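Participant:
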Amino acid sequence: MDTTRQTNDQDLVRTLVAQIFDRVMAVQHLQQPIDLTSSPFKEPALKMNEVPELEAAQQWVEDNVNITTRRQGGTLHVEATTMFNIPAETCWNMIAHPDNCEVFRNIQRCTYRKVLWNGPREGHHQLVVVENESDWSFLVIKGALATKLLVEVDSNKGLMHFTLAPDSPSPMRELYGRWTIAPAGPLQMMSDGTTSSPCCTLTLYQRFTPRNLPPFLFHLFARFTAGQIRNTFEDVLMEVQRIQSGSPTLGPYSTAAMKEISPPSPTSSDPAAEGQHHSHRHKHGHADSPDADTVLAILEEASNASCSANDDDRLLHRRQSSSYNGSGSSRSSGASMASSSRSEPSSHALKWRNASKPAAWSGNEEKEEDTIPGSHNKNNSLSYYDRASSLVTSAKDTLRAARRWIDEHMPLDDDAFESAWNSAFGDDFGKGLWLVVA
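This note's numbering puts the first residue of the sequence shown at 1, with every later residue one more than the last.
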């Protein structure tokens with residue numbers, strides 16, 4: 001292998017396994033006595049309290065947020081991830097909050113919100129229908145767009161995913177998104193006796209299939225979409241700064257989780273106006289929102305498509321095929337759900353959501369509903385060594401994904417790959433690291 005090729009191999013391996021380095025360091029930390037005063041995790045290049053303005057936030061996002069885009073036919077896949085030095089539950093409060101339009105520039109207002117189903121602990125696991133209005137611009141065209149979404153929020157898994165409602169007017173034929181929030185860094189003892197990680201990783205994956213977009217404009221659409229996601233992370237960063245300064249924009253998530261927003265009532269008593277209002281509600285589906293079973297089926301179908309398209313172990317596990325038949329009804333056997341808008345989803349619909357819990361959130365299933373992202377009760381059966389084992393497993397999954405990418409784009413035999421790995425991290429440390437994750 002010539003010098004240039006070897007250098008390129010080393011750079012590629014170093015980039016692809018950067019996550020493994022941090023995770024293995026976390027494993028080593030957890031397998032030793034816990035030192036609550038130090039952290040093996042590097043601080044972000046720019047501390048949050050040093051980001052006073054949007055311009056500085058833009059630079060921080062440019063330097064610290066990894067945004068990747070991939071085209072698959074007429075579909076665009078975008079994923080962005082970074083780490084913030086706030087606890088996962090604090091980040092969750094911002095992402096899942098019903099009033100997060102106050103934080104995100106891409107959402108001007110929420111015009112409709114209805115809770116279809118609520119779990120045993122109010123607000124911790126919900127199925128929701130929302131309609132947001134956003135101002136947009138593409139090239140020289142500007143406008144406002146109302147987008148109706150079906151959303152599942154689950155703080156137990158640090159997961160919120162959403163997809164277009166079947167009756168949503170949209171320039172997108174398909175839109176699916178998933179926020180994932182995971183604790184990062186060493187555990188610290190809290191005043192209430194629980195332990196919590198001081199940092200979190202935030203990942204946003206989105207899939208877009210635009211309607212009737214000329215192929216020669218696709219690269220512009222990809223740049224526009226990546227820019228919108230960059231704006232979103234800038235907004236998160238600036239809200240993190242406000243939280244750390246003691247002046248958050250949003251109140252506690254728990255007090256707003258059950259919030260519902262109805263479309264405005266007509267101000268005129270004119271029968272014609274009333275008829276127009278009724279027509280508007282019917283058009284957007286506010287009068288008859290889908291039941292929880294249907295929402296779960298639609299979200300399952302969208303998530304399955306996401307997993308199939310990416311073929312990546314880090315994505316949600318593949319689930320059973322959707323029972324949604326496209327007409328707004330469910331094909332599942334057995335009796336239909338009760339008419340109550342917050343009744344328990346049927347057993348077939350629960351199977352797939354219970355299968356999607358990432359290893360980092362695994363624990364006692366009986367206590368799942370009582371777990372908040374990033375918080376670990378001192379009596380929880382999930383020990384430090386169990387968490388270390390989960391991190392090693394996650395590191396191995398990342399290594400396998402990296403190896404698949406290398407085999408596809410730049411085939412290397414085992415000896416060449418291991419040699420590049422060791423050279424990238426230094427022979428002694430690289431060999432030790434290889435033994436842990438190989």
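Even glycine gets a Cβ: it sits at the ideal position worked out from N, Cα and C.
Predicted model only: the values in this text are computed from it and were never measured.
Roughly how many angstroms separate the alpha carbons of serine 247 and valine 236, rounded to a whole number?
Facilitator: Here the question's residue 247 lines up with position 247 in the sequence shown. Here the question's residue 236 lines up with position 236 in the sequence shown. Looking at the two C-alpha atoms, the distance is approximately 14 Å.
Participant: If we count the other Cβ atoms within 10 Å of its Cβ and call it buried at 16 or more, is glutamine 126 buried or exposed?
Facilitator: As a working note, residue 126 is residue 126 in the sequence shown. Buried.
Participant: Measuring only the C-alpha atoms, how far is serine 170 from tyrosine 176?
Facilitator: On the sequence shown, position 170 is the one that residue 170 refers to. On the sequence shown, position 176 is the one that residue 176 refers to. Spanning the two alpha carbons is a distance of roughly 13 Å.
Participant: Between arginine 173 and histidine 161, which are expected to be in contact by the criterion C-beta below 8 Å, what is the C-beta distance as a whole number of angstroms?
Facilitator: Here residue 173 refers to the residue found at position 173 of the sequence shown. Here residue 161 refers to the residue found at position 161 of the sequence shown. Actually they are not in contact, since the Cβ atoms of arginine 173 and histidine 161 sit about 18 Å apart, beyond 8 Å.
Participant: Give me the Cα-Cα distance between alanine 184 and cysteine 199, rounded to the nearest whole angstrom.
Facilitator: Sequence index remark: in the sequence shown, residue 184 carries index 184 (1-based). Sequence index remark: in the sequence shown, residue 199 carries index 199 (1-based). Going from the Cα of alanine 184 to the Cα of cysteine 199 covers about 5 Å.
Participant: Taking a contact to mean a Cβ-Cβ separation below 8 Å, would you say glutamate 260 touches lysine 114 in this structure?
Facilitator: Indexing the sequence shown from 1 puts residue 260 at position 260. Indexing the sequence shown from 1 puts residue 114 at position 114. Cβ atoms of glutamate 260 and lysine 114: closer than 8 Å.
Participant: I want to know whether the segment 83-91 touches the segment 203-212 - three or more CB-CB distances under 8 Å.
Facilitator: Output reads no: the segment 203-212 does not touch the segment 83-91.
Participant: Could you name the residues of the same chain whose beta carbon sits closer than 7 Å to that of valine 61, not counting the 5 residues immediately before and after it, in chain order?
Facilitator: Taking the sequence shown and counting its residues from 1, one reaches residue 61 at position 61. Hits under 7 Å: Arg230, Phe233, Glu234, Leu237.
Participant: For chain B, is any of its Cβ atoms less than 8 Å away from the one on tyrosine 112?
Facilitator: Although the question refers to chain B, the structure presented lacks it and comprises just one protein chain.
Participant: Considering only the beta carbon of each residue, do cysteine 101 and asparagine 132 sit closer than 8 Å?
Facilitator: In the sequence shown, the residue the question calls residue 101 occupies position 101. In the sequence shown, the residue the question calls residue 132 occupies position 132. A contact, by the Cβ cut-off of 8 Å.
Participant: Per DSSP, which one or two residues make a beta bridge with glutamine 72?
Facilitator: Locating residue 72 in the sequence shown gives position 72, counting from the first residue. Answer is Thr75.
Participant: Please confirm whether threonine 163 and leucine 150 have their CB atoms less than 8 Å apart.
Facilitator: Here residue 163 refers to the residue found at position 163 when the sequence shown is read from its first residue. Here residue 150 refers to the residue found at position 150 when the sequence shown is read from its first residue. Contact flag set, yes.
Participant: Verify whether the separation of the beta carbon atoms of threonine 203 and glutamate 79 is less than 8 Å.
Facilitator: Taking the sequence shown and counting its residues from 1, the one referred to as residue 203 is at position 203. Taking the sequence shown and counting its residues from 1, the one referred to as residue 79 is at position 79. For threonine 203 and glutamate 79, yes; Cβs fall inside 8 Å.
Participant: Use the C-beta contact count for asparagine 66: other C-beta atoms within 10 angstroms, 16 or more gives buried, fewer gives exposed.
Facilitator: Looking up residue 66 in the sequence shown gives position 66. The residue in question, asparagine 66, is exposed, as its Cβ has fewer than 16 Cβ neighbours within 10 Å.
Participant: For lysine 351, which residues in the same chain have their Cβ closer than 6 Å to its Cβ, ignoring the five residues on either side in sequence?
Facilitator: Within the sequence shown, the letter at position 351 stands for residue 351. Reliability fails at lysine 351, whose pLDDT of 36 lies under 50, so the model's placement of it is uncertain and the value that follows must be treated cautiously. Closer than 6 Å at the Cβ level, and outside the excluded window around lysine 351, lies no residue.
Participant: Assuming aspartate 99 and alanine 256 are in contact, meaning their beta carbons sit under 8 Å apart, how far apart are those beta carbons, in whole angstroms?
Facilitator: The sequence position of residue 99 within the sequence shown is 99, counting from 1. The sequence position of residue 256 within the sequence shown is 256, counting from 1. Contact flag correct, Cβ pair sits at about 6 Å.
Participant: Based on the DSSP output, what are the partners of alanine 182 in its beta bridges?
Facilitator: Here residue 182 refers to the residue found at position 182 when the sequence shown is read from its first residue. Bridge partners of alanine 182: Thr201.
Participant: Keeping to the same chain, check which residues put their C-beta closer than 7 Å to that of arginine 242; ignore five residues upstream and five downstream.
Facilitator: Position 242 of the sequence shown, counting from 1, holds the residue named residue 242. Counting only Cβ-Cβ distances below 7 Å, and skipping sequence neighbours, we find Pro248, Thr249.
Participant: Between the Cα of proline 252 and the Cα atoms of Ile95, Arg105, Phe104, which residue gives the shortest distance?
Facilitator: As a working note, residue 252 is residue 252 in the sequence shown. Measuring from the Cα of proline 252, the nearest candidate turns out to be Ile95.
Participant: Mapping the DSSP letters down to three states, classify aspartate 167 as helix, strand or coil.
Facilitator: For this step, residue 167 is matched to residue 167 along the sequence shown. Note: aspartate 167 maps to coil in three-state DSSP.
Participant: Apart from the five residues on each side of it in sequence, which residues of its chain come closer than 6 Å, Cβ to Cβ, to alanine 222?
Facilitator: Taking the sequence shown and counting its residues from 1, the one referred to as residue 222 is at position 222. Hits under 6 Å: Thr69, Leu76.
Participant: On a Cα-Cα basis, can you pick out the residue from Leu116, His219, Gln228, Val240 that is closest to glutamine 72?
Facilitator: Translated into the one-based positions of the sequence shown, residue 72 becomes position 72. That would be His219, whose Cα lies nearest to the Cα of glutamine 72.
Participant: Assuming serine 134 and asparagine 156 are in contact, meaning their beta carbons sit under 8 Å apart, how far apart are those beta carbons, in whole angstroms?
Facilitator: Residue 134 sits at position 134 when you count from the first residue of the sequence shown. Residue 156 sits at position 156 when you count from the first residue of the sequence shown. Serine 134 to asparagine 156, Cβ: 29 Å. No contact.
Participant: In whole angstroms, what separates the C-alpha of proline 120 from that of arginine 109?
Facilitator: Counted from its first residue, the sequence shown places residue 120 at position 120. Counted from its first residue, the sequence shown places residue 109 at position 109. Approximately 29 Å between the Cα atoms of the pair.
Participant: Considering only C-alpha positions, which residue in the set Val103, Thr201, Asp63 is nearest to threonine 159?
Facilitator: Numbered from 1 along the sequence shown, position 159 holds the residue referred to as residue 159. One point to set straight first is that residue 159 is leucine, not threonine, in the sequence displayed. The candidate whose alpha carbon is nearest that of leucine 159 is Thr201.
Participant: I believe valine 153 touches valine 129 by the beta-carbon criterion, under 8 Å. Please report the beta-carbon distance rounded to the nearest angstrom.
Facilitator: Here residue 153 refers to the residue found at position 153 when the sequence shown is read from its first residue. Here residue 129 refers to the residue found at position 129 when the sequence shown is read from its first residue. So it is not a contact: roughly 12 Å between Cβ atoms.
Participant: With distance defined between alpha-carbon atoms, name the residue in Glu239, Gly74, Phe104 nearest to phenylalanine 216.
Facilitator: One-based indexing of the sequence shown puts residue 216 at position 216. Among Glu239, Gly74, Phe104, the Cα nearest to that of phenylalanine 216 belongs to Gly74.
Participant: With a CB to CB cut of under 6 Å and the five nearest residues on each side skipped, what residues in its chain are close to leucine 54?
Facilitator: Along the sequence shown, read from residue 1 onward, the residue named residue 54 stands at position 54. Once the five neighbours on either side are set aside, leucine 54 has no close Cβ partner at all.
Participant: Bridge partners of arginine 207, per DSSP?
Facilitator: Position 207 of the sequence shown, counted from the start, is the residue given in the question as residue 207. Note: arginine 207 sits in a beta bridge opposite His77, Tyr176.
Participant: What are the partner residues of methionine 83, as DSSP defines its beta bridges?
Facilitator: Taking the first residue of the sequence shown as position 1, residue 83 is located at position 83. DSSP lists Thr201 as partners of methionine 83.
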